[in-house]
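Q: First the structure, then my questions, so here it is.
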Amino acid sequence: MNTSQEETDAPYNFAYLDEQTKRMIRRAILKAVAIPGYQVPFASREMPMPYGWGTGGVQVTASVLGPDDVLKVIDQGADDTTNAVSIRAFFAKVAGVATTTHTADASIIQTRHRVPETPLEAGQILVFQVPIPEPLRFLEPRETETRVMHALEEYGLMHVKLYEDIARHGHIATTYAYPVKVEDRYVMDPSPIPKFDNPKLTNSPALQLYGAGREKRIYAIPPFTRVESLDFEDHPFEVQHFSEPCGLCGAEGVYLDEVILDDRGGRMFVCSDTDFCEGRREAGHRGHLAAAMEEGA
Amino acid sequence: MADALGGGFKDPVFASQAVFRRLLDALSRPGRVVEMPQLVAPPPPLKPAAAAVLAALADADTPVFLDKVLNASGEVRGWVGFHIGAPIVVVPARALFAVIADPAVMPPLSEFGLGTEQYPDRSTTLVVQVAGFSRGRSLWLSGPGIEDVAGVQVEGLPERLVEEFRANRALFPRGVDLVLAAPSAILGLPRSTRIMGEA
């Protein structure tokens, strides 16, 4: 696909941002790639959507995006929720890029709080929307202090927090935004992805970029970079396990959403990644509730 | 063609995006030689790939250091001034970008901006012009962005710079980032990369 600026219908620069802003963000992205896991401050702009809707991710995507890219946007794994639909429409309008819902067809995937189930490939870029980039923020509110803690690799407080989880609950109770250590140096917040997705961050062939608009930070994990979830020898890191497969496609070993069916305790579990689930059903996989759902529809 | 007013990006929006994506590829996957289309025609001794990197990323907010050879050329200074609008500085530590035409006589890497422990991103990115990547010094690289190890060949890279880059790695997370630029290809050497040995 070859879209030139004249062919888009919006009276904006390509991908909305002005060129000086893009250069500033691009410089921040390159420094972020050179220092994996380190949060690079950047002059985040007002975007035509509220904070919390992914303004950081949108700015990163806008700076990376070119006319030949194919964009996929997901929100908690789904391509069809409000946030995902509006961001996809935004870039289709201001950049005229091709969009897709298929993970394998996308060159850039902007995501809110999930990593796709389909393994990513070299050359793909995963852009995370990050609400609070500082993993130490709830332990130490002052930015000046957390800067020093990162500089000195002083991460004892984070281990104390995880230890207190164990003391109180008998296990590490953090289930999302689970802190990771990148290349044995920086402790990083992987954004509020379920800890189920943490193992997908390490040694991924794809480039991971993280953008926090309100907090004005960009950070990155290059391909083939070691990312370890923090844990203890006697309490090793574990991901969630689900007792039943996806009700629609029968997939096991994927992250499932719980859907309440009625007010009598009826519920079902379905894939959080809608593209993955649809792909499996098209390939003929059937979950135990697939037939009931189709009748109801 | 090679005067200060000509030879800039014909289509700045898409050209700088194309150059940036190649840079992102080069720095996120060190050891890969990334082809760079000829999008600018700078006056010599500034070469197209190095000039394209500068044109895509530098602007009035980014002080640029030019090495002795480039700084001696009024045309090069004029080209940087007209097409990029970046202030040219003579103190390497103050530069956010540095372009080196002759790595044999460049200032040591430790004299450039190395960032601070709290803000290691505030450091110089050096664009070092080399002859090519098909022969010359062989290096083995490892680190983030590299699956196992990567072997590269760089023609026109002085031994001294290899040693200084190793010392630069020891400063991590502080340090400079290098982009080696042949006339029509680039290779990224971010500070996170280790040069393991010479083959």
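Sequence order for the protein chains is A and B.
If you're matching positions, the first sequence starts at 1 in the UniProt record's numbering and goes up one per residue.
If you're matching positions, the second sequence starts at 1 in the UniProt record's numbering and goes up one per residue.
All C-beta atoms, glycine included, are put in the ideal place defined by N, C-alpha and C.
Treat the numbers as computed from the prediction; the structure is a model and nothing was measured.
1) Closer than 8 Å, CB to CB, is A:F237 near chain B or not?
2) Buried or exposed for A:G123, please, with buried defined as at least 16 other CB atoms from any protein chain shown within 10 angstroms of its CB.
3) Take the Cβ of B:T124 as the centre, count every other Cβ of all protein chains shown within 10 Å, and call the residue buried at 16 or more, exposed below.
4) Between A:T61 and the ligand HEM, is there a pair consisting of the residue's CB and a ligand heavy atom that are separated by less than 7 Å?
5) Which of helix, strand or coil does DSSP assign to B:V179?
6) Have a look at the DSSP bridge pairing and note the partners of B:G151.
7) With a floor of 4 residues, list each alpha helix (DSSP H) that falls wholly inside the stretch 138–179 of chain A, ordered by position along the chain.
8) Under a three-way DSSP split, which group does A:D257 fall into?
9) Anything in the stretch 10–31 of chain A with a Cβ closer than 9 Å to a Cβ of chain B? List those residues in chain order, please.
10) Got a sec: is the Cβ-Cβ distance from B:Q17 to anything in chain A below 8 Å?
11) Return the residue from the list A:K72, A:F90 and A:R112 that minimises the CA-CA distance to A:G54.
12) Give me the subset of the stretch 33–52 of chain A whose CB atoms are less than 8 Å from a CB atom of chain B, sorted by chain position.
13) What does the Cβ neighbour count give for A:Y38, buried or exposed, with the cut at 16 atoms within 10 Å?
14) Going by beta carbon distance, what residues of the same chain come within less than 6 Å of B:P12, once the five residues before and after it are set aside?
15) Could you check if B:M1 is buried or exposed, using at least 16 other CB atoms within 10 Å of its CB as the buried criterion?
16) Using DSSP with H/G/I as helix, E/B as strand and the rest coil, what is B:M36?
17) Scan the stretch 176–191 of chain A for residues whose Cβ lies nearer than 7 Å to a Cβ of chain B and list them as they occur along the chain.
18) Which residues in chain A have a C-beta closer than 9 Å to the C-beta of B:G145? List them in chain order.
19) According to DSSP, is A:H235 helix, strand or coil?
20) Can you pull out the residues from the stretch 147–176 of chain A whose beta carbon lies closer than 7 Å to at least one beta carbon of chain B?
21) If contact means a Cβ-Cβ distance below 8 Å, which residues of the stretch 54–70 of chain A contact chain B?
22) Could you say which of A:Q110, A:A78 and A:L162 lies nearest to A:Q129 if we only look at CA atoms?
23) Among the residues of its own chain, which have a CB less than 7 Å from the CB of A:Q5, if the five just before and after it don't count?
24) Can you pull the chain A neighbours of B:R29, defined as C-beta to C-beta under 9 Å?
25) How about A:T81 and A:A104: are their beta carbons less than 8 Å apart?
26) First and last residue of the beta strand (DSSP E) that includes A:E228?
27) I think B:G156 touches B:A131, with their Cβ atoms under 8 Å apart; what is that distance to the nearest whole Å?
28) Quick check on A:C246: does DSSP put it in helix, strand or coil?
29) Using a Cβ cut-off of 8 Å (strictly closer), state whether B:P63 contacts chain A.
30) Considering just the uninterrupted stretch of the beta strand (DSSP E) at B:L189, what are its terminal residues?
31) Answer yes or no: do A:L230 and A:K200 have a C-beta to C-beta separation smaller than 8 Å?
32) Mind checking the stretch 85–117 of chain B against chain A and listing, in chain order, the residues whose C-beta falls within less than 7 Å of any C-beta there?
33) Exposed or buried, what is A:Y210 when buried is set at 16 or more other beta-carbons lying within 10 Å of its beta-carbon?
34) In chain A, which residues lie with their C-beta within 7 Å of the C-beta of B:F20?
35) Tell me whether B:M1 sits in a helix, a strand or coil according to DSSP, three-state version.
36) In whole angstroms, what is the alpha-carbon distance linking A:I172 and A:Y255?
A: Concretely, from the data shown:
1) It does not; no Cβ of chain B falls within 8 Å.
2) exposed
3) buried
4) This structure does not include the ligand HEM; it has no bound ligands of any sort.
5) strand
6) Answer is B:W140.
7) 143–151 and 156–169
8) strand
9) N13, F14, A15, E19, Q20, K22, R23, M24, R26, R27, A28, I29, L30 and K31
10) At least one chain A Cβ lies under 8 Å of B:Q17.
11) A:R112
12) V33, A34, I35, P36, Y38, V40 and P41
13) Counting Cβ neighbours within 10 Å, A:Y38 comes out buried, since at least 16 surround it.
14) Excluding sequence neighbours, B:P12 sits near nothing in its chain.
15) Model confidence at B:M1 stands at a pLDDT of 44, short of 50, so the residue's coordinates are unreliable and nothing is read from them.
16) In this structure, B:M36 counts as coil in the three-state DSSP scheme.
17) Those would be E183 and R185, in chain order.
18) V33, P36, L207, P222, P223, F224 and T225
19) strand
20) R147, V148 and A151
21) S63, V64, L65, G66 and P67
22) A:Q110
23) Any reading at A:Q5 is ruled out, since the residue's pLDDT is 47, under 50, leaving its predicted position unreliable.
24) A122, L207, P222, P223 and F224
25) no
26) For A:E228, the enclosing beta strand (DSSP E) begins and ends at V227 to S229.
27) Yes, B:G156 and B:A131 are in contact; Cβ-Cβ is about 4 Å, under 8 Å.
28) Note: A:C246 maps to coil in three-state DSSP.
29) no
30) A185 to L189
31) no
32) E117
33) buried
34) R26
35) Low confidence applies to B:M1: its pLDDT is 44, below 50, so where it sits in the model is not reliable, and the reading given next is rough at best. In this structure, B:M1 counts as coil in the three-state DSSP scheme.
36) 19 Å
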